[in-house]
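First up is the structure itself, then whatever we jot down about it.
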Amino acid sequence: MHNLTTVIKFEILRTLKKKSFWIMALGFPIMLVALFGIIFFSNKTTDDATKQLEKQSFTIEMTDRSKLINPTIASGLNIKQVTDKNQGIEDVKAGKTDAYFYYPENIDKTPVEVYGKDVSLFDNGRYEGVAKNLLSMSANATVSPEVKSVVQDTTTYNTIIYRNGAPTMQ
C-alpha cells in the first residue's frame, strides 16, 4: 500500500509527458474558441452587410400584368412603371436601371421574372427579395385583418367539449 503514491506519481508524470495528452487537453478548447469566433464574425459580417444594403438605393422598373401591385407602394419605393417587358430587360442589360420585375397575368401559374445588374454573388439575391416584398406588401394592403389572420394561421380557437350535457376538461 505504501507504493500506491509512487505508482500514482509515475502514471501522472508519464501521462503529462505525452504530446498526445497536451494536444487533446489544449486542442479541444482551442478548437471550440475558433469555432465560436468564426460564428461570431460571420454573424457580424452578415449584420454589417444588411445595414449596408439598407443604405443602398438602386433603380427598379416593373411591368405589372397581374394587377396585384399597389401603385402607391411601388411609387413609394421609387419603382418606375414600364409597359414593355422587352424594354425593361434591355434597360437592365444597358445599365440604365439596376433591376426589372415582370409580374405576369397568372401569377399562380407563371413565375415572376426578376432581371438585375450583377453586383456580386452575395448581393444579387436582393432583387428577388425586393420583388417578393413588393408583392407581399401590395397583397397585405388589399386584405382585411380577418383574412390575414386566416391565411397566416394566427386565428385562435376556444374549444369546449360536452359529455352528457356538461362541459369536460379541455
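Residue 157 in our numbering sits at position 16 of the sequence shown, with consecutive numbering throughout. Even for Gly, the Cβ is constructed at its ideal location relative to N, Cα and C.
Three-state class that DSSP yields for residue i in the structure shown
i           : result
residue 342 : Coverage of the chain is limited to positions 142 through 311, which leaves residue 342 absent and any answer about it impossible.
residue 255 : strand
residue 174 : helix
residue 277 : helix
residue 232 : helix
residue 290 : helix
residue 262 : coil
residue 183 : helix
Residues that residue i bridges to, as DSSP identifies them
i           : result
residue 203 : 222 and 242
residue 166 : Answer is none; residue 166 lacks a bridge partner.
residue 307 : 304
Of the listed residues the options, nearest to residue i (C-alpha basis)
i           : options               : result
residue 204 : 189, 192 and 221      : 221
residue 282 : 302, 213 and 184      : 213
residue 216 : 143, 295, 174 and 200 : 200
residue 190 : 176, 174 and 267      : 267
residue 273 : 305, 192, 150 and 248 : 248
residue 193 : 264, 180 and 231      : 264
Distance, residue j Cα to residue i Cα
i           : j           : result
residue 308 : residue 300 : 10 Å
residue 146 : residue 152 : 10 Å
residue 287 : residue 260 : 40 Å
residue 197 : residue 279 : 22 Å
residue 253 : residue 277 : 13 Å
residue 148 : residue 157 : 14 Å
residue 237 : residue 227 : 14 Å
residue 271 : residue 219 : 12 Å
residue 159 : residue 150 : 15 Å
residue 162 : residue 168 : 10 Å
residue 155 : residue 166 : 15 Å
residue 188 : residue 175 : 20 Å
residue 180 : residue 262 : 21 Å
residue 291 : residue 302 : 23 Å
Beta-carbon separation (whole angstroms), residue i vs residue j, contact threshold 8 Å
i           : j           : result
residue 223 : residue 240 : 12 Å between Cβ atoms; not a contact.
residue 244 : residue 210 : 6 Å
residue 202 : residue 229 : 5 Å
residue 207 : residue 269 : Going by Cβ atoms, the distance from residue 207 to residue 269 rounds to 16 Å, so no, they are not a contact pair.
residue 233 : residue 258 : 6 Å
beta-carbon residue i near the ligand NAP non-hydrogen atom, thresh 6 Å
i           : result
residue 236 : Absence of the ligand NAP from the depicted structure is noted, as is the absence of any ligand whatsoever, leaving it without description.
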